[in-house]
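Protein chains: 4
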Amino acid sequence: MKMVMIGLGRMGGNMARRLMDKGHEIVAFDRDADAVAKLVEAGAEAATSVDDARAKAGLPVVWWVMVPAGEITESVITSICENAAEGEIVIDGGNSFYKDDIRRAKMLAEKGVHYVDVGTSGGVWGRERGYCMMIGGPDEIVRQLDPIFSTLAPGLGSIERTEGRLDDATDPRAENGYIHAGPAGAGHFVKMVHNGIEYGLMQAYAEGFDVLKGKASEKLPEDQRYDLNLTDIAEVWRRGSVISSWLLDLTALALAKDGKLEGFSGHVADSGEGRWTIDAAMEEAVPLNVLSAALFARYRSRVDHTFGDKVLSAMRFGFGGHVEMPQ
Amino acid sequence: MKMVMIGLGRMGGNMARRLMDKGHEIVAFDRDADAVAKLVEAGAEAATSVDDARAKAGLPVVWWVMVPAGEITESVITSICENAAEGEIVIDGGNSFYKDDIRRAKMLAEKGVHYVDVGTSGGVWGRERGYCMMIGGPDEIVRQLDPIFSTLAPGLGSIERTEGRLDDATDPRAENGYIHAGPAGAGHFVKMVHNGIEYGLMQAYAEGFDVLKGKASEKLPEDQRYDLNLTDIAEVWRRGSVISSWLLDLTALALAKDGKLEGFSGHVADSGEGRWTIDAAMEEAVPLNVLSAALFARYRSRVDHTFGDKVLSAMRFGFGGHVEMPQ
Amino acid sequence: MKMVMIGLGRMGGNMARRLMDKGHEIVAFDRDADAVAKLVEAGAEAATSVDDARAKAGLPVVWWVMVPAGEITESVITSICENAAEGEIVIDGGNSFYKDDIRRAKMLAEKGVHYVDVGTSGGVWGRERGYCMMIGGPDEIVRQLDPIFSTLAPGLGSIERTEGRLDDATDPRAENGYIHAGPAGAGHFVKMVHNGIEYGLMQAYAEGFDVLKGKASEKLPEDQRYDLNLTDIAEVWRRGSVISSWLLDLTALALAKDGKLEGFSGHVADSGEGRWTIDAAMEEAVPLNVLSAALFARYRSRVDHTFGDKVLSAMRFGFGGHVEMPQ
Amino acid sequence: MKMVMIGLGRMGGNMARRLMDKGHEIVAFDRDADAVAKLVEAGAEAATSVDDARAKAGLPVVWWVMVPAGEITESVITSICENAAEGEIVIDGGNSFYKDDIRRAKMLAEKGVHYVDVGTSGGVWGRERGYCMMIGGPDEIVRQLDPIFSTLAPGLGSIERTEGRLDDATDPRAENGYIHAGPAGAGHFVKMVHNGIEYGLMQAYAEGFDVLKGKASEKLPEDQRYDLNLTDIAEVWRRGSVISSWLLDLTALALAKDGKLEGFSGHVADSGEGRWTIDAAMEEAVPLNVLSAALFARYRSRVDHTFGDKVLSAMRFGFGGHVEMPQ
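Chains as they are written, first to last, in UniProt numbering: chain W, 1 to 327; chain S, 1 to 327; chain F, 1 to 327; chain U, 1 to 327.
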């Protein structure tokens, strides 16, 4: 298929390359002319504007928008919309909030333009391993785009198949690494929860390594003190243990390079998906102690002390036994 | 009654004074001779050793041990035990772990010595307001000591009585500020849970004030930003609101002195009771998300960064989008 | 002052009565004619519609809207707005979301109408004890309404004053039980956090009582088992302990009536404020482990089992040692 | 090597088979004669008692004890100890508490007997995939047992190697699926933390699936409602996503069989390791919000309502607005 890729950063650029490697045609547009030039070297056709891209694209025009979520995505989609013809297809492949998808899908539908939201996992490894995709939008349009999705996806690969999926009744797309999750927004919703889970998994490992490291503390009785080799522990857990995972693989890799992780400051950023997952849980009245604690640990990592800590000290000073607290 | 007070720190000294004020006799012993001397000025009889105290005490000898929990309490009680006569009564008024009470009560029972554990709340305000006490031990002995407990307790005071307690069927001691909670250890167990709750309450206020303070953040849209007066907020909540409490009174007091609490470092200590409450919940399989989170907030307040935070950053770096993390 | 009260439920009706008791005049309107009739008996002037109320009110017309937050509040305020004259004042005394206040204040300002948001704590006890109020809105208008606020508020009463507030520099309103927190929405924002804290405090007590009750479990070693009198424990903690509070008073009252609380199903509702507090914390990046856990405990109380619990069992079955799990 | 295997349940039996498959000799003992008979069919030599096993074993006698942790392990080790000769080696392969290991190692050392603790992960899949092992004990003895450990371990297999471990300086055992973690107890300590992490990971997935499932709730606005196919979602996440893991593989397997998991009751058991991990964190003062919340979710899954829930309702009833709560 022929497709316009807008946004040629690490994700968009690699996805375009993976598509071209397998025979698709890409019209490439980005505000950064260098990024366009590099992709042209890899076989893409350059576009100098949205309308130029439209002129060079096949029919119906298929737009894959791969720019930062929020205002930038909104403005790119708005500019596509301006001169869009009926039947064009806009794919938002970024990390948009699913309620924005719902709103945009309605807005575009008024002009006869189709909207598809794609949540993508795989990071910098995706070009080689393929991209795991969660897709929202009208069934017919998602089917029509299948050549693109099936190319971007990892495919069956060497991952062992799941018993119970081997018969013909199941949707083969899931096994190949992409699903049509539901109508507008469903793709980004599933991706959002995916990221919420990711935060929880990461924090579970983080806390476990904290307990391991803390076991060397000199405050403990000497015969209960262990100076554990965290690098080897991460490695051995990759090997047949119940907690093996790709995140653990990454941890083992990092610890093999530097067992003390001294290159990291300890300030941990978070993106919108973690927060939106908590929001969704509150709308559904679902308890989410682990995923929220994982998010809060990141907030906490970014301040030296909370004001609340001082409130605690002030109360302790107030009821009297704790004059040592003020400094 | 006549009683030996061992340990004349802030708590022991004030309790002895409150007892003497109301006509009880105190034999005073402490390793710190100055502390003894001060209490003698207030009317106590000085003792120079445990055995000297025994000689000066009435019969049966009643010991109130008010020293730091753990090894010191253990060694004082052991030294009392050495020459104890049958019928002596040892009261541990500190913050001992209730399982130590259970063990000690058995140990002393072998010598015919009675053991009573008293958890005390009230802090430095207790001498004036009275001490809220939770007592464990044999029913007969606790009854026998009632003159002491009823003197130390706050009494009915001006606190509004609880409807449903006004008839004669209820134990009047609770209204007067002390209870006989159960056999050995029960007093300290109830006090332990009291402190566990205290941690939870404190953290609830702390987090609330954090949200109030954070509302001035310049990252928020300007019309959603408030520069709130925390001092006035703490005060107004004391006045008819559902969350009024003594801990809030203390918070209002601290904020009235310094609305930014700049005198506090933000490092918050914890004592054993919070941990033991979590332990007890684990033995009982009771979920305790709030009380454990309150304890963990204090642990977290005492380190700059956890190693776990760095593990998170390392994973984020690993899956690729986050090259900004290493420093 | 003369004021229109719209919404004569328990809160609105009692507030109107408190105002009339102290000499204010009330024009009363409610869709429920009985509620109006009852308030007329208590001295109010009846209104049959918003416009009728306007005709009977003094100038400038002051509206106190005390109806359920959300759509009903919105529609009442909209209907007031239709024929509002410049200078009218609309007070939203309900539990509105503060961002709705910000929006409404702007909308009303376009017509020259002033908007004041008042968060109120005190519940059914307020008529007698007075209402603790947190107010948002323009300084001049809030000052103008002071006769109303000072009447509704508890006043100094018998609550001990906070040291450091005794001089003249502090705003005396806080001590009297009401504050002007800031511009539009600030009143409801502070009340929202108040309720968030309330959830945390309540859950801290709830967990503590759970640990106390669980200590009678037959799974524990016999000498570590206590059959504790929760009614007496709640009472004694009211008496001089660090965790005394109004919420504890209510707990003691409930336990004095029924020590097993058998009249309660265990399903616990929540209102918007708890959720909004978490939302606010996420916007501010403030960690809120205790307040969120308190909210989640309520969600969890309302389902028999989460689907997540079954996911856990399914995994346990999968890795093999746990064939007992499926039923 | 020749080794005595005591305890021929699923784990012990399969481990013995794996060892015999690769040329080791096993003397087999179990209270269940059938279990012994079955292993004899697989090539083991039967023993009828501990002393009989000793007579049939080579020198030095190596004992692998694979019985339930706690009293049974203790009694088996005690009975081995009775007639043990200097130089015998006792391996505890169960899930013992690491402090029991420390105690036992000292006890056995007095008789010149060596003690090795081995935490094992891999469950029923281990016979085929190999067992991931974390080992504690004296360096010399652990080296001596290497033929056994290297046989039980998975080996390099097809798992991609970790960059940074490819040179010769690193301990090759970790890559092969076993580590010598440290002195007595260190093996079980690392395994304990492994299980603590496992709880956290499982709960993260569980909460995520709860949010996905809850998105079909009829309480949500119709255009924000998705009826998601959880089976396909679990499958697609296995395919190139950041959260792929073995636990997710198991979840996908379970959902492929029954997308509603109706065969599971929702009651989730827990074993000691989760609790011990929290205990360890409290001794080290390490915050552990995620791992503790994961454990508490299991406790909560096993009761219909907590007493604490009723305490909440009672308070809500008390402050008045909530007469609907009592039933």
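Where is the CB? At the ideal position from N, CA and C, for every residue including glycine.
Proximal chain S residues relative to F/HIS305, where beta-carbon distance stays under 7 Å: Under the 7 Å cutoff, chain S gives no residues; its nearest Cβ is about 14 Å from F/HIS305.
DSSP on W/GLU74, reduced to helix/strand/coil? In this structure, W/GLU74 counts as helix in the three-state DSSP scheme.
Exposed or buried, what is F/GLY23 when buried is set at 16 or more other beta-carbons lying within 10 Å of its beta-carbon? Exposed, since its Cβ has fewer than 16 Cβ neighbours within 10 Å.
What are the uninterrupted segments assigned as alpha helix (DSSP H) that are 4 or more residues long and contained completely in the stretch 195-280 of chain F, given in chain order? As far as the stretch 195-280 of chain F is concerned, its whole alpha helix (DSSP H) runs of at least 4 residues are 230-237 and 246-257.
Completely contained alpha helix (DSSP H) runs for the stretch 103-182 of chain W, where each covers 4 or more residues: You should have 126-129, 139-144, 146-152 and 172-175.
Quick check: the stretch 221-232 of chain W against the stretch 177-190 of chain U, are at least 3 beta-carbon pairs closer than 8 Å? Enough Cβ pairs lie closer than 8 Å, so yes.
For F/ASP210, count neighbouring C-beta atoms within 10 Å of its own C-beta (all shown protein chains included) and say buried if the count is 16 or more, exposed if not. Counting of Cβ neighbours within 10 angstroms places F/ASP210 among the buried residues, the total reaching 16 or more.
Name the one or two DSSP bridge partners that U/MET5 has. The beta-bridge partner set that DSSP reports for U/MET5 consists of U/ALA28 and U/TRP64.
Does any residue of chain S have a CB that is nearer than 9 Å to the CB of W/THR48? Closer than 9 Å: no.
Between F/GLY12 and F/ALA35, what straight-line distance do the alpha-carbon atoms span, to the nearest angstrom? Looking at the two C-alpha atoms, the distance is approximately 10 Å.
F/MET202 beta carbon less than 9 Å from that of F/GLY126: No. Outside cutoff.
List the residues that DSSP assigns as beta-bridge partners of S/ILE89. Per DSSP, S/VAL62 and S/HIS114.
Chain W contacts from the stretch 229-254 of chain U (Cβ-Cβ distance under 8 Å): Near chain W, meaning a CB-to-CB distance below 8 Å, the residues of the stretch 229-254 of chain U are ASN229, THR231, ASP232, ILE233, GLU235, VAL236, TRP237, ARG238, ARG239, GLY240, SER241, VAL242, ILE243, SER244, SER245, TRP246, LEU247, LEU248, ASP249, ALA252 and LEU253.
Given 8 Å as the limit, is there contact between the stretch 204-223 of chain S and the stretch 187-206 of chain F, that is, 3 or more CB pairs closer than that? Enough Cβ pairs lie closer than 8 Å, so yes.
Please determine if the stretch 282-298 of chain F and the stretch 235-245 of chain F are in contact, where contact requires at least 3 C-beta pairs separated by less than 8 Å. Output reads no: the stretch 235-245 of chain F does not touch the stretch 282-298 of chain F.
Just reading off the alpha helix (DSSP H) that S/VAL40 is part of, what are its end residues? S/VAL40 -> alpha helix (DSSP H) spans 33-41.
Which same chain residues end up closer than 6 Å to W/LEU255 when comparing Cβ atoms and leaving out the 5 residues on each side of it in sequence? A distance below 6 Å between beta-carbons, with the five flanking residues on each side excluded, links W/LEU255 to the following residues of its chain, in chain order: LEU230, THR231 and ALA234.
Given a limit of 7 Å on CB to CB distance, which residues of the stretch 178-212 of chain U reach chain W? Residues passing the 7 Å Cβ filter: TYR178, ILE179, ALA181, GLY182, ALA186, PHE189, VAL190, VAL193, HIS194, GLY196, ILE197, GLU198, GLY200, LEU201, GLN203, ALA204, TYR205, GLU207, GLY208, ASP210, VAL211 and LEU212.
For U/LEU19, report the span of its alpha helix (DSSP H) as first-last. 10-21 is the extent of the alpha helix (DSSP H) around U/LEU19.
Run of the alpha helix (DSSP H) containing S/LEU291, from where it starts to where it stops: Element bounds for S/LEU291: 289-301.
Per DSSP, F/ALA46 is paired with what? BP columns for F/ALA46 point to F/ALA28.
Simplified DSSP state of S/HIS305, which is helix, strand or coil: Three-state DSSP puts S/HIS305 in coil, outside helix and strand.
In three-state DSSP terms, what is U/SER313? Note: U/SER313 maps to helix in three-state DSSP.
When you compare the CB of U/GLY214 with every CB in chain W, is at least one pair closer than 9 Å? Yes, because at least one Cβ of chain W sits closer than 9 Å to the Cβ of U/GLY214.
What is the DSSP secondary structure of W/VAL286, counted as helix, strand or coil? In this structure, W/VAL286 counts as coil in the three-state DSSP scheme.
Residues near S/HIS188 in its chain [Cβ-Cβ closer than 6 Å; skip 5 each side]: Once the five neighbours on either side are set aside, the close Cβ partners of S/HIS188 are SER96, TYR98, ASP101, ASP117 and GLY119.
How many angstroms separate the CA atom of residue 331 of chain U from the CA atom of S/ILE89? Because chain U in this structure spans residues 1 to 327, residue 331 of chain U falls outside the shown range and cannot be described.
My output table needs one value for F/GLY53: the three-state DSSP class, helix, strand or coil. For the sequence presented, residue 53 of chain F should be read as Ala rather than Gly. In the structure shown, F/ALA53 sits in a helix (DSSP, three-state: H, G or I).
Assuming U/VAL65 and U/GLY7 make a contact with CB atoms under 8 Å, what is their CB distance in whole Å? Sure, about 6 Å apart at Cβ, within 8 Å.
Report buried or exposed for S/GLY259, applying the criterion of at least 16 other Cβ atoms within 10 angstroms of its Cβ. Around the beta carbon of S/GLY259, fewer than 16 other beta carbons sit within 10 angstroms, so the residue counts as exposed.
Quick check on DSSP: helix, strand or coil for W/ALA84? DSSP places W/ALA84 in coil when its eight states are reduced to three.
Backbone CA spacing between residue 382 of chain F and F/ALA206 [nearest angstrom]: There is no way to answer for residue 382 of chain F, as the model of chain F reaches only from 1 to 327.
In chain U, which residues lie with their C-beta within 7 Å of the C-beta of W/VAL290? Per Cβ cutoff of 7 Å: GLY200, GLN203, ALA204, GLU207, VAL290, ALA293 and ALA294.
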